[in-house]
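S.K.: Sending over a structure as structure tokens; questions will come in a sec.
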Amino acid sequence: MAKKSFRQALNDALHAEMARDPRVIMMGEDLTGGAGANGVKDAWGGPFGVTRGLLGAFGPERVRDTPISEAAFIGAAAGAALTGLRPIAEIMFVDFAGVCLDQIMNQAAKFRYMFGGRAKTPLVIRATYGAGSRSGSQHTQALHSLFTHIPGLKVVIPSNPYDAKGLLLQAIRDDDPVIFLEHKMLYDTVGEVPDASYTIPFGEARVVRDGKDVAIIAIGRMVGVAEEAARSLASEGISACVLDPRTTSPLDEDTLLEVTEKIGRVVIVDEANPRCSVATDISALLADQCFDALKAPIKLVTAPHSPVPYAPNLEDAYIPTPAAVMKAVKSIVKR
Amino acid sequence: MSGLQLSHDKLIEVYRSMRTIRRFEERVMDEMATGDIPGNTHLYAGQEASAVGVCLHLKEDDYISSTHRGHGHSIAKGVDIDSMMAELFGRATGTCGGKGGSMHIADLRKGMLGANGIVAAGAPITCGAALSAKLLGTNQVAIAFAGDGAMNEGVMSESFNLAKIWMLPIVFVIEDNGFGEATANEHVSAGSFTRRAESYDIPSIEVDGTDVFQVYSATGEAVERARNGGGPTMLHIHVPRYYGHYSGDPDNYRTPEEKAAMRQDRDCLSIFRKHVKEVSLLDTAELDAVDEAVEAEINRAVAAARAAPFPPLSALTTDVYVKYL
Chain A
3 MAKKSFRQAL
13 NDALHAEMAR
23 DPRVIMMGED
33 LTGGAGANGV
43 KDAWGGPFGV
53 TRGLLGAFGP
63 ERVRDTPISE
73 AAFIGAAAGA
83 ALTGLRPIAE
93 IMFVDFAGVC
103 LDQIMNQAAK
113 FRYMFGGRAK
123 TPLVIRATYG
133 AGSRSGSQHT
143 QALHSLFTHI
153 PGLKVVIPSN
163 PYDAKGLLLQ
173 AIRDDDPVIF
183 LEHKMLYDTV
193 GEVPDASYTI
203 PFGEARVVRD
213 GKDVAIIAIG
223 RMVGVAEEAA
233 RSLASEGISA
243 CVLDPRTTSP
253 LDEDTLLEVT
263 EKIGRVVIVD
273 EANPRCSVAT
283 DISALLADQC
293 FDALKAPIKL
303 VTAPHSPVPY
313 APNLEDAYIP
323 TPAAVMKAVK
333 SIVKR
Chain B
22 MSGLQLSHDK
32 LIEVYRSMRT
42 IRRFEERVMD
52 EMATGDIPGN
62 THLYAGQEAS
72 AVGVCLHLKE
82 DDYISSTHRG
92 HGHSIAKGVD
102 IDSMMAELFG
112 RATGTCGGKG
122 GSMHIADLRK
132 GMLGANGIVA
142 AGAPITCGAA
152 LSAKLLGTNQ
162 VAIAFAGDGA
172 MNEGVMSESF
182 NLAKIWMLPI
192 VFVIEDNGFG
202 EATANEHVSA
212 GSFTRRAESY
222 DIPSIEVDGT
232 DVFQVYSATG
242 EAVERARNGG
252 GPTMLHIHVP
262 RYYGHYSGDP
272 DNYRTPEEKA
282 AMRQDRDCLS
292 IFRKHVKEVS
302 LLDTAELDAV
312 DEAVEAEINR
322 AVAAARAAPF
332 PPLSALTTDV
342 YVKYL
């Protein structure tokens, strides 16, 4: 198997599906970069280089650079999905969902239900998320909790290159609207990724690492943080299981419950703000369903209830660290 | 105004469609008073010539999107009135199985992409439908109906821009009934709607929406432009709104005199009847026969809706996804 970056894994998936299905189109801001200008074509290959080469392979009718006009093109993508195309729309930074949330929340998410099941909306909205790039408060949020709250949407948040490819292929072939969240600090991470296409079903958590003393449930980029914590804990004699839900809607409740029943100690790690979040949601689920199996309180390691700060020392303090995860684990694992 | 370009059958169809919308809405207003239609609804009465004049140009697979005031557009596009009435009553036999209601009636088999509870939200969705038509090479056109209130939503301007740069086969039909909810349009709208469209190089025209033939004529040019690859057009259609913003609105911000004059002078149905009789295209007996037939259809729709079952409780959580887990 080839080693590929997270970015390349996504690019592979986009190339494969655009080639496989002519109804798949892409639209977004600077998906290529340089449209209408005299210099290099496909100059950016997307704001983070994820969509490079697609313009050359499939042309400007199917790979559409849009105006900076999220409400219009996300709405257009929803309308196109309703009428026979399978659009992949890109919101450059998930924070920009603020200007097109109506089209996501009130329109695409609800078409099928409002129309009595007589519509389908095969739409993928790709968006970058996450802190760590020194970009201040409006290019850095982790908003998966917000989308997870909305019935009708599926929410995918891969943690590694292999999953990124398989989950994106599944998202494009899926007949429901999917929010596909890519952490920008993960794009350069590398892993084994097959060249051939494969899909990973939604709602199937991955057991990243087995363990018996504590279960660490981590979301998106935090899976890597949890793994690092688990390795350090192992050297201190604490055996930590790491679980990656991979999709927050649907959520693989069965696996989370099973592991909690077995181990009885849980730490949830999420980069999102803590109030009304996926972390609190999972915590409530486990407390409700596994109360008798719990040997200690469920601990959450999350960002604080604040916007993402700019100053490097503050931003570093905002993002959950392996040290913070270890501290939470030790607080519930009696040594 | 002239009805001469339309065949006898078409004229009857135009009148039947306008009369159906009018009586549908009047009857819904009456039925609201019985308490058997849940919630509230936004009635299209007075604006009939706009929906009918526009949709007369459309093929069954052409697309329209509508607004919160959507019954007229649905009827004009051919959505079945029995199922619409049942939908308003919240019944399982409704257009959306009782799960949508007045503000979400949609029928994709008729190209009807949905009424909408969010002002101006249909505009970008319709751009998407027009994009599908263009990329799939189907020669369909798409009509985005919106009200004067929608013109002050940002996404409307964004949609004009997108439609023009992508040369989409779309017509924006702005039905200006003079009021956004309870506020007069002139109190909240700067400049002119046609000049806004023209600033995007979108051809636009103001139309008297009490005259179905004027609407028909203006739309013909716009639809032809769209079908022939000429891109978007915007029609600014002036229409009266017979009722308040919604069915429960006391509508006391308009004077009784204004409202009486509106119904006296700007009734598209009276204007149509007067015209076709004057030029001997249709006679009173033919027109009255249509009225009678429409009345029977509306009666039947209401009776069927009242007799229909509510959706089963199991429907509460179905149709959220095609497939979830």
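As you go down the protein sequences, you meet chains A and B in turn.
This note's numbering applies: residue 3 is where the first sequence begins, and numbers increase by one.
This note's numbering applies: residue 22 is where the second sequence begins, and numbers increase by one.
Backbone N, C-alpha and C fix where the C-beta goes; we use that ideal spot for every residue, glycine too.
Keep in mind it's a predicted model, so treat the numbers as computed, not measured.
(1) What does A/F149 touch in chain B if you count any residue whose Cβ is under 7 angstroms from its own?
(2) Roughly how many angstroms separate the alpha carbons of A/N275 and A/T304, rounded to a whole number?
(3) Contact check, B/Y84 vs B/I33 under 8 angstroms by CB: the rounded distance?
(4) In the DSSP assignment, what residue or residues form a beta bridge with A/P89?
(5) What residues of chain B sit near A/D104, judged by a beta carbon separation below 7 angstroms?
(6) Let's see if you can read the secondary structure: which residues bound the beta strand (DSSP E) around B/E227?
(7) Please confirm whether A/V338 and A/V269 have their CB atoms less than 8 angstroms apart.
(8) May I have the straight-line CA-CA distance separating A/A79 from A/T201, to the nearest angstrom?
(9) So, under 8 angstroms CB-CB, A/C292 and A/T262 are touching, yes? Tell me the CB distance rounded to an integer number of Å.
(10) Using a Cβ cut-off of 8 angstroms, pull out every chain A residue sitting near B/A150, in sequence order please.
(11) Quick one: Cα of B/V192 to Cα of B/P253, how far?
(12) In the structure shown, what three-state DSSP assignment does A/H17 receive?
(13) Can you have a look at A/N13 and say buried or exposed, based on whether 16 or more other CB atoms are within 10 angstroms of its CB?
(14) Please list the terminal residues of the continuous beta strand (DSSP E) segment that includes A/R66.
(15) Name the chain B residues whose beta carbon is nearer than 7 angstroms to that of A/A39?
(16) Measuring CA to CA, which of B/V73, B/M105, B/A113 and B/A218 is closest to B/I319?
(17) Anything in chain B within Cβ reach of A/Y115, meaning under 7 angstroms, just list it in chain order.
(18) Since B/K98 contacts A/M116 with CB under 8 angstroms, what's their CB separation in whole angstroms?
(19) Out of curiosity, what's the CA-to-CA distance linking A/D254 and A/G205?
(20) Taking one C-beta from the region 129–139 of chain B and one from the region 80–95 of chain B each time, how about it: are there three or more such pairs within less than 8 angstroms?
(21) Within a Cβ cutoff of 7 angstroms, which residues of the same chain sit near A/R351, ignoring the five residues on either side of it in sequence?
(22) Along the region 94–109 of chain B, where does the CB come closer than 7 angstroms to a CB of chain A? Name the residues.
(23) When DSSP labels each residue in this structure, what does B/C289 get in the three-state scheme?
(24) Select from the region 220–246 of chain B all residues with a C-beta closer than 8 angstroms to any C-beta belonging to chain A, and list them in chain order.
(25) Are the CB atoms of A/I90 and A/E72 nearer to each other than 8 angstroms?
(26) Going along chain B, which residues have a C-beta under 9 angstroms from A/R120?
(27) Helix, strand or coil: which one does DSSP assign to A/C102?
(28) Mind checking A/S237: buried by the 16 CB within 10 Å criterion, or exposed?
(29) Using the three-state DSSP reduction, which class does B/G168 fall into: helix, strand or coil?
(30) Check whether chain A comes within 8 angstroms of B/L348, counting only Cβ atoms and requiring the distance to be less than that.
(31) Quick one: any contact between the region 111–129 of chain B and the region 210–224 of chain B, if contact means 3 or more CB pairs under 8 angstroms?
(32) Using CA atoms only, rank isn't needed, just tell me which of B/S71, B/A154, B/A243 and B/G122 is closest to B/H63.
(33) Measure the alpha-carbon distance for A/V335 versus A/L296 and round it to whole angstroms.
(34) Name the two residues that bound the continuous alpha helix (DSSP H) containing B/C148.
(35) On the CB-based measure, 16 or more other CB atoms within 10 Å of its CB, does B/S360 come out buried or exposed?
(36) Which same chain residues, not among the five before or five after A/K186, have their C-beta less than 7 angstroms away from its C-beta?
M.R.: Well, looking at it:
(1) Residue numbering aside, residue 149 of chain A sits at position 147 when the first sequence is read from its first letter. Correct list: empty, because the minimum Cβ distance to chain B is about 14 angstroms.
(2) As a working note, residue 275 of chain A is residue 273 in the first sequence. As a working note, residue 304 of chain A is residue 302 in the first sequence. Taking the straight line joining both Cα atoms gives about 6 angstroms.
(3) As a position in the second sequence, residue 84 of chain B is number 63, starting the count at 1. As a position in the second sequence, residue 33 of chain B is number 12, starting the count at 1. Contact flag wrong, Cβ pair sits at about 26 angstroms.
(4) Position 87 of the first sequence, counted from the start, is the residue given in the question as residue 89 of chain A. Bridge pairing for A/P89: A/I27 [DSSP].
(5) Along the first sequence, read from residue 1 onward, the residue named residue 104 of chain A stands at position 102. Ordered by position in chain B, the residues that pass the 7 angstroms Cβ test against A/D104 are I139 and A142.
(6) Within the second sequence, residue 227 of chain B is the residue found at index 206, counting from 1. Run containing B/E227: S225 to D229, per the beta strand (DSSP E) assignment.
(7) Residue coverage of chain A in this structure runs from 3 to 337, which leaves residue 338 of chain A outside it and unanswerable.
(8) Here residue 79 of chain A refers to the residue found at position 77 when the first sequence is read from its first residue. Here residue 201 of chain A refers to the residue found at position 199 when the first sequence is read from its first residue. If I take the Cα positions, the gap works out to 23 angstroms.
(9) As a position in the first sequence, residue 292 of chain A is number 290, starting the count at 1. As a position in the first sequence, residue 262 of chain A is number 260, starting the count at 1. About 4 angstroms separates the two Cβ atoms, so the contact holds.
(10) Here residue 150 of chain B corresponds to residue number 129 of the second sequence, with the count starting at 1. Within chain A, the residues near B/A150 are G81, A82, L84 and T85.
(11) As a first step, residue 192 of chain B is located in the second sequence; it is residue number 171 there, counting from the start. As a first step, residue 253 of chain B is located in the second sequence; it is residue number 232 there, counting from the start. If I take the Cα positions, the gap works out to 5 angstroms.
(12) Residue 17 of chain A sits at position 15 when you count from the first residue of the first sequence. Here A/H17 sits in helix by DSSP.
(13) Walking along the first sequence from the start, residue 13 of chain A turns up at place 11. When all chains shown are included, A/N13 counts as buried.
(14) To locate residue 66 of chain A, count along the first sequence from 1; it is residue 64. V65 to D67 is the extent of the beta strand (DSSP E) around A/R66.
(15) As a first step, residue 39 of chain A must be located in the first sequence, where it is residue number 37. Ordered by position in chain B, no residue passes the 7 angstroms Cβ test against A/A39, which lies about 15 angstroms from the chain.
(16) Start at 1 with the first residue of the second sequence, and residue 319 of chain B comes out as number 298. For B/I319, the nearest C-alpha among the options comes from B/M105.
(17) Residue numbering aside, residue 115 of chain A sits at position 113 when the first sequence is read from its first letter. Per Cβ cutoff of 7 angstroms: K120, D340 and V341.
(18) As a first step, residue 98 of chain B must be located in the second sequence, where it is residue number 77. As a first step, residue 116 of chain A must be located in the first sequence, where it is residue number 114. Actually they are not in contact, since the Cβ atoms of B/K98 and A/M116 sit about 17 angstroms apart, beyond 8 angstroms.
(19) Translated into positions along the first sequence, residue 254 of chain A becomes position 252. Translated into positions along the first sequence, residue 205 of chain A becomes position 203. Straight-line Cα distance between these residues: approximately 5 angstroms.
(20) By the criterion of at least three beta-carbon pairs nearer than 8 angstroms, the region 129–139 of chain B is in contact with the region 80–95 of chain B.
(21) In the structure displayed, chain A extends from 3 to 337; residue 351 of chain A sits before or after that span and is not available.
(22) none
(23) The residue labelled residue 289 of chain B in the question sits at position 268 within the second sequence. DSSP places B/C289 in helix when its eight states are reduced to three.
(24) none
(25) As a working mapping, residue 90 of chain A is identified with position 88 in the first sequence. As a working mapping, residue 72 of chain A is identified with position 70 in the first sequence. No; because the gap between Cβ atoms is not below 8 angstroms, this pair is not in contact.
(26) Stepping through the first sequence from its first residue, residue 120 of chain A is reached at position 118. Those are T116, C117, G118, A127, D128, L129, R130 and D340, listed as they occur along chain B.
(27) Reading the first sequence from its first residue, position 100 is the one you call residue 102 of chain A. It is coil, neither helix nor strand.
(28) Here residue 237 of chain A corresponds to residue number 235 of the first sequence, with the count starting at 1. Classification for A/S237: exposed.
(29) Counted from its first residue, the second sequence places residue 168 of chain B at position 147. Correct three-state label for B/G168: strand.
(30) Lying outside 22 to 346, the shown extent of chain B, residue 348 of chain B is not represented and no answer is given.
(31) no
(32) The residue given as residue 63 of chain B occupies position 42 in the second sequence. Out of B/S71, B/A154, B/A243 and B/G122, B/G122 has the C-alpha closest to the C-alpha of B/H63.
(33) In the first sequence, residue 335 of chain A corresponds to position 333, counting from 1. In the first sequence, residue 296 of chain A corresponds to position 294, counting from 1. Going from the Cα of A/V335 to the Cα of A/L296 covers about 12 angstroms.
(34) By 1-based counting over the second sequence, the position of residue 148 of chain B is 127. It spans G143 to L157 - the alpha helix (DSSP H) in which B/C148 sits, taken as one unbroken run.
(35) Outside the shown range of chain B, which is 22 to 346, sits residue 360 of chain B, and nothing can be said about it.
(36) Here residue 186 of chain A refers to the residue found at position 184 when the first sequence is read from its first residue. These residues qualify, in order along the chain: F50, T130, G132 and S135.
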